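Engineer: Numbered per my numbering, the sequence shown spans residues -2 to 107.
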Amino acid sequence: MQSLLAIADPTRRRIVELLAQRDRTAGELVAEFDLSAPAISQHLNVLREAGLVTTRAEGQSRIQTLNPDGLDDISAWLDRTRSFWSQRLDALERELKADAERNKTKKKKS
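Shown next as structure tokens:
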């Protein structure tokens, strides 16, 4: 669940969104924010530790890439949460329909 904690921060979410568009250098990411290069570097470290971002060397540049496999934890959590709410909402719908039928039956008897 480290990946979910990593994207709890809005700056890191934005970095993930930018990297979802295309790979970027750290310098390109810095240019997108009103933050220092060391601050962006710290955010990238958190994202790397969470498995959301990988870095590869190309000459003197370090290219940041979104790791789609890192999103698996988030996807699994969302699926579990959706399933929980779907079951609850289905049960609520059944209860409301049953209640409506009971009320209809009561009115007919009156």
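Think of the CB as a built atom: it goes at the ideal place given N, C-alpha and C, for glycine as much as any other residue.
These figures come from a predicted structure and were not determined experimentally.
Drop a sphere of 10 angstroms on the beta-carbon of Gln61, count the other beta-carbons inside from all chains shown, and report buried for 16 or more, exposed for fewer.
Structural biologist: Taking the first residue of the sequence shown as 1, we reach residue 61 at position 64. Result: buried.
Engineer: Could you give the DSSP three-state label for Ser58: helix, strand or coil?
Structural biologist: In the sequence shown, the residue the question calls residue 58 occupies position 61. Note: Ser58 maps to strand in three-state DSSP.
Engineer: DSSP state of Ala10, grouped into three classes?
Structural biologist: Counting from one through the sequence shown, the residue named residue 10 turns up at place 13. Note on residue identity: the sequence assigns Arg, not Ala, to residue 10. Helix at Arg10.
Engineer: According to the Cβ coordinates, are Leu63 and Val43 closer than 8 Å?
Structural biologist: For the purposes of this step, residue 63 is taken as residue 66 along the sequence shown, with counting starting at 1. For the purposes of this step, residue 43 is taken as residue 46 along the sequence shown, with counting starting at 1. The answer is no: Cβ separation not under 8 Å.
Engineer: What's the C-alpha gap between Arg77 and Ser58?
Structural biologist: Counted from its first residue, the sequence shown places residue 77 at position 80. Counted from its first residue, the sequence shown places residue 58 at position 61. Approximately 39 Å, taken between the alpha carbons.
Engineer: Of the choices Glu14, Gln18, Glu92 and Ala36, whose alpha-carbon is the least far from that of Gly24?
Structural biologist: For the purposes of this step, residue 24 is identified with residue 27 of the sequence shown, where counting begins at 1. Nearest C-alpha to Gly24: Ala36.
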